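**Q** I have a structure here, written as structure tokens, and I will follow up with some questions on it.
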Amino acid sequence: MIRNVYYYVFLLFYFVSLNEGYCSEWNVLKNSSMFMQQDTVEVLSAQTRAKISTLNKLTLTGDSINLKPVKNNPFISVGSFVTGQASGVYVQTPSAEPGSYQNILVRGLSGVQFSNRDAVNNQATVYVNGVPIGMENSFAYDIQRYDYNRIGPATDYLASLDLSSIESIEIIKDPIRLAELGPLAVNGVVWITTKGGKSGPREISVNGYFGMNTKPAVTPVNGQFENLFRSNFYNKYATADDKLKYPGYLSDSTNMNFYGPSNWKDAYYATASLYTMDVSLRGGSDRANFSFFGSHTKNAVSSDDANLKRYNVVFNVNMLPFSWLTVSSYINARRMERDRNSNLRDRYAEMAYLPDLSTPLSPNKNVYGMYRSLYDRDVVDDNVSNHVNGSLNLSMDILSNLTLSSTFSLDYNEGIRDLFYPGKLMETINYMSTYYGYTQRFIFSNKLAYNYQLNKSNFSAVVGTDYSEDLFRYNFARAYDGPNDYIKLNVVSGDRKKIEYLQPRGGLRVLRYVNKELFNLHSIYGKLGYNYDDILELTSVLRWDGSSSVQRDSRWLFTPSVGAKWNVNKQLDWKDIFDVTAAYSRVGKPVYTSRHAVGPQYDSRMGWSEDPTVSSYFGFSGISRAYSYGWTGYDLGWAYSDKFELALNNSFFNKRISTLISLYQRDDKDQITLTPVAEEFGYTGQYRNGLSVRNRGIDATINAQILPVHENKVGWSTSLNFNWNKNELLTLPDGLTELVEGNRLLRVGESIDKFWLFENTGIYENISEIPTNTNGVRLNNNGVPFEVGDARWKDQNNDNIINDDDKVLKGRYTPQFYGGFNHTLTYKGFDLNLAFTYALGIDALNQRASYRYDFVNNEDKNAIGAIREIFQWQQDVDLEKYPIYNVWSGTNPYRVDQDLFLENASYLKLRSASMGYDLSRITSIKNSIKTLRRAYLYVTANNLFTVTKFTGNDPELVNFNGIYDGYGLPFTKTFTLGLKLDL
Amino acid sequence: MIKNIYIKFSLFALVAISQLQVSCNKALDAPSVEVSSEEVHWQSVSDTKAALIGMYGLMRAAMVDNNAHWMFGEFRSGDFSSYRRQDLNAVINSELNKSYDLLENISTWRRFYAVINAASLFIEKAPQVLEHDSRYTRYNLDLDIAQARAIRAFTYFYMVRVWGDVPLITSSFDNGTFPEFPRTDYRDVLTFAEQELIEAVEVLPFRYGVAPQLYYGTFSSNWQKILFNKISGYAILAHLAAWQGKYLDVAAYTQFIMDNYTEANISYLNNVAPSGTGTAGLAGNYGVFTNNFQFGQIINFSAAYSYGEATASGHIEQLTMARPYINRANPDVYVSKDTITQAFVERNDRRFGVDTVSGLFRENYFKDYNNEIPVFNKIKVIRDGVEDGDYAVFGSNLVFTRLEELTLLRAEALAVLGQNIKAIEMLNVIKAMRFTSSYQVSELQTKPLIDEIFKERRRELMGEGWRFFDLVRWNRIKPVNAKVVELIQKDGIYWPISRSVLRNNKLIKQNTYWN
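And the structure:
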């Protein structure tokens, strides 16, 4: 209803404004002859010239990143560009493998993040030249039993952008600006502009570096070590039968494959080279300008031969055909090819088939080397991603103060993965799979901006509409046991008329999976602004957003926003900056599954926990209510985010010190979550609105010019940014106070990223230490009495039973306090840049240690936890730390959900140190190349040191849900030498 | 000039866009391709077919999830030993409250209630289709609803055997409310199930889709492998009664089965290991566990490789298979040599014995008896029944019951009722098929008949999920195993109820034995 009223108001306003436009335009025509001349006059006024669009017209704020030192680093992903560079941005990086997923969090977690698939609900959106880059839909995880990796190339789209092509990066946290961008921006925005066209003399830049990633220092171990480790348990607790069934590969100490030298690391780690080469060109006239950028980059890590090759082209044209019309377009095309790790776990999880895991890979170089060469020779593992995004913008001045602009934006990201594992690698069956999937988004936006100046007051109004369509799709086919190892692809006939249409050849068993999701968003918004002499600014944004993923009767959401800025320095005529901003906004929070919009529904899932994809019975497709997915009712609505911010922007001592401090509160309300119901109806739960999370905190950036830049003196500028963040679960659906999901518990009033753990207080060495209650009943775990060798867990409620009621919420997997500390020192033409990052008050659950100790249960079950990777033949667990429990005990003493495995993962890192010199200062060089503007030669070292108490490999290499599994490829020292030429 | 054209054009465009916006609520619809909505469902005969198949599929999923069917019926106190797995040891030793994920996952009854909900929903909604689709006939509807009722009754019976008292819910609700129900006395649950079945068997046919009348476009040669027929209904009725000790009823129901089974193309599995599809047999690649079996089934859940439903999990082979069949050193569970020799006492037994000509052990149940760990190969369907075990997915049927089982059940009932001669006759049908010596009336004093019947069940049904429930019935008739007797007395025969069930329904109380 309100929406309809709004339509009419909007249309009315539009017509009125147009009519006014006609009238006043005619007046202009009558009164002046300028108009007719405009099309012919060659010399444009400075004011008109300034109208030409460039990609870089946005005024940057204190949340912009100082990119100059960042550009000395061989970073390839947006997450890496911003790590430690802006306050309030925390980047989760579970692996140093180039191209693997990162999660960029702006001002904390807004919702639950128990698994990889939840990350998409929390991640900030990256806008490139105003085009929001699509994210992968997590629906592909539905057909996977394990979500270690997404099917497909699993290459982060955000690894495709080239740092060198970027002009500026700004983190948008301001509630009003986020409200203007709308629901796609609800989790915060990383606003990237690439180098745009520039009128003036032609500028050429050439940039290149070469570097190497060094090998990590590891302490390899062999079967003897493992044997000694296990003897602790076997000597103490094993029965004769257990001893009899000692693993075969360890029981023979003359077996050189396992008891021989452990030198696998020579075959697994190798110094890796990385490089980039790019060229950019820009120039143009007053009427038109352009820019071009092209690059080729290779990034690699020393582990497992993992690398990424990337090609990137950006093209931008801006035109001013008439003084009242500007046209601007850009297109950015990228391609990535990735060589991924060869982890067995990831492979078997993807294959959805576990072979016999009783014998691990040999730590011996000769044996492993043979495996490796076979792998390199016969395995096909092609991962290609192609990306195109671009936009076309037309902007027309209907009046000097009324502008209509229309933009069409496109973002297309596709991933292709071909996989083949030969039979020799895996028992005797081979496996092949092909994947093709894409995320496609187009946006059509129109807006009308009006500006009116009255004395010192300026009024502005913008009305606009955006329509966006996202399409997510994948086609996935897997086949097992092909005829031989030479046929590596399932080639089928694509002719529909033929009888063998799509029929696999050679007795392949092909399983196909196809899915598609749509997400349409239509927004209508208005923005009203008032500015009094630059002293007081008032802004209000009103939006109506309609989403296809919300049910029809609650499809449209109205969200208001209001903000005020007081430029105290203007009012008091101070030289230093002093302004205060207060803002509130409400922004809708989109969901990317269309299933919520359907209401009560039927699906065809007839699988079970180990084989979730079975969807037919006796070849007939069967459908039923979505019992395993959960009940969806008719009453699901929008979730939204309420954002408050109070920001103080100051400078002192003639701007030698500047500070930006903001206090924020962000309430992400009414989020949909699976809520448990009585299980006697077959459902795993029902989807309900009502999960609300509050993030509160302080962002601060302090920039100081400690020693001013001076030709013959040392100059020192420093920038410290930090964020203190606290999240709290405000409500759960239906007034619940607790919600259990697997091994996690959500409790109202607590942080949403806590672990749910038993408190471990040691070991029962003696039967007399085990408490008994007044009736003489021994302390038990769900009815199983504790024995000597079991873990001591605290009986929180003193009921003599250790069960879920005795688990407590402990630790957090997002940091309470984090940020970066960056320095630039200059002397003559030299500069030295140091970048530190830190995170404090963050914890991780060491699942790697838990799995290592719980070897009996893992191996006996032949479960995914029993997989032993080659890199696990090293001392990666602190063996001093853990008691020797009875691994055969029915109380599961090495369960991961206890604080024995909870570790402080706080850290301080020197992430980057670089030093450079501008060769163009040398007169002979300057003289020989006349057009040389800059020739910057630099060396950079990354990952120089880490200060942490964490006992695992690296405190950063933790999964999105706080689990440390030891699978992240390590950050090792990287050294690069580069040259930047501006001609 | 150009500007004016542009202004007019943009005005036109904007008005056009605005029109688009007015109708955009509809344009914003992006229906999920993964699911079908309430509005479009229950409209046609294909919806009822899919929903009918859905019920069977859900039942299969419920039974095979974590191999629950065998955990419940076969391994607990049964003949199998765990090679190394601690969690299976816990099942075998009835230590069901130990902290293993497997035990928690098996002890949730949600997946069975999904079947019950689907069946209730079918009974409520399927009649709508009559109005929408003329191809859907009243007769077809009656058949479908009779199956839904039989499936629901079967599920309740299945749950009562495992958990004892379970909440009896006979409506789907299906409106977004999920009221909490307390547990209903198991006798009332079984009474309901029995009543439902008595009405359903009146409608259930012996065969579906007898030419020229197709049932959902398919002939009986396919339907006989998976759908519940009249014999199925009586088989469930017989077991319902047997579980409650109502052996008079058991005798009556099994009488009907014995008189009519041929109507449903059901046959005795005369051949222990048939070499082709012509004869009905037990083990091997043409036996009752394979999709090659061309005779009627009584209660069977299929997972045919040819339909892409063969999986690595959810089959007893997942736990019992090892070398030489598949690439695995040792099986998770095996029947120890002691147990084998204890169970199979006659050398002539075709299931396991010694071939008098070659002097070798027969390998229809166990492979490599001479090894320390023989592999249980009675149920061994790799893919669709191939010898190449490289790619170990299994396509075996979950045969809940078959004619031999019901024959022995009848023998058991008759023996309890004192009709020894008739009981012996039934028992000897099986013994003759397996080439073991007949039970003689003269042995009644020396070898109690009831013991012989249960011993025969142990041999005949090994690996089919009956052992634990047989032990319970046997010890109810006469105490033979002190452990089982204790379990019966303390209600320990029931599984603990999972923590998630208890957490989400406060009216449910844990089984006292596991408190």
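The listed protein sequences correspond, in order, to chains A and B.
Under full-length UniProt numbering, the first residue of the first sequence is numbered 1, with each subsequent residue one higher.
Under full-length UniProt numbering, the first residue of the second sequence is numbered 1, with each subsequent residue one higher.
We treat Cβ as the ideally placed atom computed from N, Cα and C, and that holds for glycine.
A quick note: this is a predicted structure, and the numbers were derived from the prediction, not measured.
Looking at chain B, is there any beta carbon in it that lies within less than 9 Å of the beta carbon of Ser-32/A?
**A** Locating residue 32/A in the first sequence gives position 32, where the first residue counts as 1. At Ser-32/A the pLDDT is 36, less than 50, meaning the model places this residue with poor confidence; the figure from the coordinates comes in the next sentence. Taking Cβ atoms only, chain B never reaches closer than 9 Å to Ser-32/A, which makes this a no.
**Q** With a CB to CB cut of under 6 Å and the five nearest residues on each side skipped, what residues in its chain are close to Asp-209/B?
**A** Taking the second sequence and counting its residues from 1, the one referred to as residue 209/B is at position 209. Per the sequence shown, residue 209/B should be read as Gly rather than Asp. Excluding residues within five positions, the ones whose Cβ falls inside 6 Å are Tyr-215, Thr-218, Phe-219, Ser-220, Trp-223.
**Q** Going by DSSP, what residues sit across from Trp-888/A in a beta bridge?
**A** Locating residue 888/A in the first sequence gives position 888, where the first residue counts as 1. Trp-888/A is not bridged to any residue.
**Q** Return helix, strand or coil for Leu-240/B, following the three-state DSSP convention.
**A** By one-based count along the second sequence, residue 240/B stands at place 240. Helix.
**Q** For Leu-511/A, return the contacting residues in chain B, with the cut-off set at a CB-CB distance below 7 Å.
**A** One-based indexing of the first sequence puts residue 511/A at position 511. What Leu-511/A touches in chain B: Gly-308.
**Q** How many angstroms separate the CA atom of Pro-970/A from the CA atom of Thr-214/A?
**A** For this step, residue 970/A is matched to residue 970 along the first sequence. For this step, residue 214/A is matched to residue 214 along the first sequence. The straight-line gap from Cα to Cα measures roughly 11 Å.
**Q** Pop quiz: Arg-666/A and Asn-695/A are said to be a contact at Cβ under 8 Å. What is the actual Cβ separation, rounded to whole angstroms?
**A** One-based indexing of the first sequence puts residue 666/A at position 666. One-based indexing of the first sequence puts residue 695/A at position 695. With a Cβ gap of about 5 Å, Arg-666/A and Asn-695/A count as contacting.
**Q** Distance cutoff 9 Å, beta carbons only. Does Met-336/A sit that close to anything in chain B?
**A** For the purposes of this step, residue 336/A is taken as the residue at position 336 of the first sequence. No, Met-336/A does not count as interfacial toward chain B.
**Q** Using Cβ-Cβ distances below 7 Å, what residues of the UniProt domain "RagB/SusD" (396–514) of chain B are close to chain E?
**A** Looking for chain E here will not work: the only protein chains present are A and B.
**Q** Suppose contacts are defined by Cβ-Cβ distances below 9 Å. Is Glu-469/A in contact with Phe-442/A by that definition?
**A** Here residue 469/A is taken as the residue at index 469 of the first sequence, counted from 1. Here residue 442/A is taken as the residue at index 442 of the first sequence, counted from 1. Contact flag set, yes.
**Q** Could you run through the segment 354–386 of chain A and flag, in chain order, every residue whose CB is less than 9 Å away from some CB of chain B?
**A** Within the segment 354–386 of chain A, the residues whose Cβ lies closer than 9 Å to some Cβ of chain B are Leu-354, Pro-355, Asp-356, Ser-358, Thr-359, listed in chain order.
**Q** Do Asn-291/B and Ser-275/B come within 9 Å of each other at the CB atom, strictly closer than that value?
**A** Here residue 275/B refers to the residue found at position 275 of the second sequence. Here residue 291/B refers to the residue found at position 291 of the second sequence. The answer is no: Cβ separation not under 9 Å.
**Q** Using a Cβ-Cβ cutoff of less than 8 Å, which residues in the same chain neighbour Thr-632/A once the five nearest sequence positions on both sides are dropped?
**A** By one-based count along the first sequence, residue 632/A stands at place 632. Closer than 8 Å at the Cβ level, and outside the excluded window around Thr-632/A, lie Arg-595, His-596, Val-598, Gly-599, Pro-600, Gln-601, Ala-626, Gln-686, Tyr-687.
**Q** Is Ala-423/B helix, strand or coil by DSSP?
**A** Taking the first residue of the second sequence as 1, we reach residue 423/B at position 423. Helix, per DSSP.
**Q** With C-beta atoms as the reference, is Glu-787/A less than 9 Å away from Asn-942/A?
**A** Residue mapping note: residue 787/A aligns to position 787 of the first sequence, counting from 1. Residue mapping note: residue 942/A aligns to position 942 of the first sequence, counting from 1. 9 Å or more divides the Cβ of Glu-787/A from the Cβ of Asn-942/A.
**Q** Apart from the five residues just before and just after Val-568/A, which ones in its own chain have a Cβ nearer than 7 Å to its Cβ?
**A** Counting from 1 along the first sequence, the entry for residue 568/A is found at position 568. For Val-568/A, where only same-chain residues beyond five positions count, the Cβ hits under 7 Å are Phe-578, Asp-579, Val-580.
**Q** Please tell me whether Ser-115/A has its Cβ less than 9 Å away from any Cβ of chain B.
**A** For the purposes of this step, residue 115/A is taken as residue 115 along the first sequence, with counting starting at 1. Judged by the 9 Å Cβ criterion, Ser-115/A is not in contact with chain B.
**Q** Taking only runs of the alpha helix (DSSP H) that begin and end inside the segment 32–108 of chain B, which ones reach a length of at least 4 residues, in chain order?
**A** Runs found: 45–64, 86–92, 101–106.
**Q** Counting only the same chain and skipping the five closest in sequence on each side, list residues whose C-beta sits under 6 Å from that of Phe-420/A.
**A** As a first step, residue 420/A is located in the first sequence; it is residue number 420 there, counting from the start. The answer, listed in chain order, is Val-380, Met-432, Lys-488.
**Q** Name the chain B residues that come within less than 9 Å of Ala-238/A, Cβ to Cβ?
**A** Taking the first residue of the first sequence as position 1, residue 238/A is located at position 238. Simply none; closest approach about 12 Å.
**Q** Which one of Val-429/B, Phe-256/B, Ala-343/B, Gln-294/B has the shortest CA to CA distance from Asn-265/B?
**A** In the second sequence, counting from the first residue as 1, residue 265/B sits at position 265. Comparing Cα-Cα distances from Asn-265/B to each of Val-429/B, Phe-256/B, Ala-343/B, Gln-294/B, the minimum goes to Gln-294/B.
**Q** Classify Thr-512/B: buried if its beta carbon has 16 or more other beta carbons within 10 angstroms, exposed otherwise.
**A** For the purposes of this step, residue 512/B is taken as residue 512 along the second sequence, with counting starting at 1. Exposed, by the Cβ-count rule.
**Q** Whole angstroms are fine: how far does the CA of Phe-644/A sit from the CA of Ser-585/A?
**A** Here residue 585/A is taken as the residue at index 585 of the first sequence, counted from 1. Here residue 644/A is taken as the residue at index 644 of the first sequence, counted from 1. Looking at the two C-alpha atoms, the distance is approximately 7 Å.
**Q** Under 7 Å Cβ-Cβ, which residues of chain A neighbour Val-64/B?
**A** Residue mapping note: residue 64/B aligns to position 64 of the second sequence, counting from 1. Result: Trp-608.
**Q** Taking the alpha carbon of Phe-444/A as the reference point, which residue from Asn-451/A, Asn-393/A, Tyr-412/A has its own alpha carbon closest?
**A** Counting from 1 along the first sequence, the entry for residue 444/A is found at position 444. Cα-wise, what sits closest to Phe-444/A is Asn-393/A.
**Q** State the beta-bridge partners of Arg-792/A as determined by DSSP.
**A** Taking the first sequence and counting its residues from 1, one reaches residue 792/A at position 792. Note: Arg-792/A sits in a beta bridge opposite Gly-762/A.
**Q** Tell me the rounded alpha-carbon separation between Leu-707/A and Thr-824/A.
**A** One-based indexing of the first sequence puts residue 707/A at position 707. One-based indexing of the first sequence puts residue 824/A at position 824. If I take the Cα positions, the gap works out to 10 Å.
**Q** Determine contact between the segment 210–227 of chain A and the segment 246–264 of chain A, defined as no fewer than three beta-carbon pairs at a distance below 8 Å.
**A** Contact check between the segment 210–227 of chain A and the segment 246–264 of chain A: three or more CB pairs, one atom from each, fall below 8 Å, which counts as touching.
**Q** For Asp-667/A, does the three-state DSSP call read helix, strand or coil?
**A** The count along the first sequence starts at 1 and reaches residue 667/A at position 667. Three-state DSSP puts Asp-667/A in a strand.
**Q** Just the Cα atoms here: how many angstroms apart are Asp-611/A and Arg-117/A?
**A** Numbered from 1 along the first sequence, position 611 holds the residue referred to as residue 611/A. Numbered from 1 along the first sequence, position 117 holds the residue referred to as residue 117/A. In a straight line, the C-alpha of Asp-611/A is about 19 Å away from that of Arg-117/A.
**Q** For the beta strand (DSSP E) that contains Pro-212/B, what are its first and last residues?
**A** Mapped onto the second sequence, residue 212/B falls at position 212. Per DSSP, Pro-212/B belongs to no beta strand (DSSP E) and is neither H nor E.
**Q** Mind checking Phe-72/B: buried by the 16 CB within 10 Å criterion, or exposed?
**A** Here residue 72/B refers to the residue found at position 72 when the second sequence is read from its first residue. Burial call: buried.
**Q** Can you find a C-beta in chain B that's less than 9 Å from the C-beta of His-522/A?
**A** The residue labelled residue 522/A in the question sits at position 522 within the first sequence. Yes, its Cβ sits closer than 9 Å to a Cβ of chain B.
**Q** Distance, Cα to Cα, Asp-477/A vs Arg-512/A?
**A** Translated into the one-based positions of the first sequence, residue 477/A becomes position 477. Translated into the one-based positions of the first sequence, residue 512/A becomes position 512. Residue identity check: residue 477/A is Ala in the sequence provided, not Asp. Answer to the nearest angstrom: the Cα atoms are 4 Å apart.
**Q** Mind checking if Thr-593/A is an interface residue toward chain B, Cβ cutoff 9 Å exclusive?
**A** Here residue 593/A corresponds to residue number 593 of the first sequence, with the count starting at 1. True, the Cβ-Cβ gap to chain B drops below 9 Å.
**Q** Please list, in chain order, the chain B residues whose beta carbon lies closer than 7 Å to that of Glu-750/A.
**A** As a first step, residue 750/A must be located in the first sequence, where it is residue number 750. Correct list: empty, because the minimum Cβ distance to chain B is about 18 Å.
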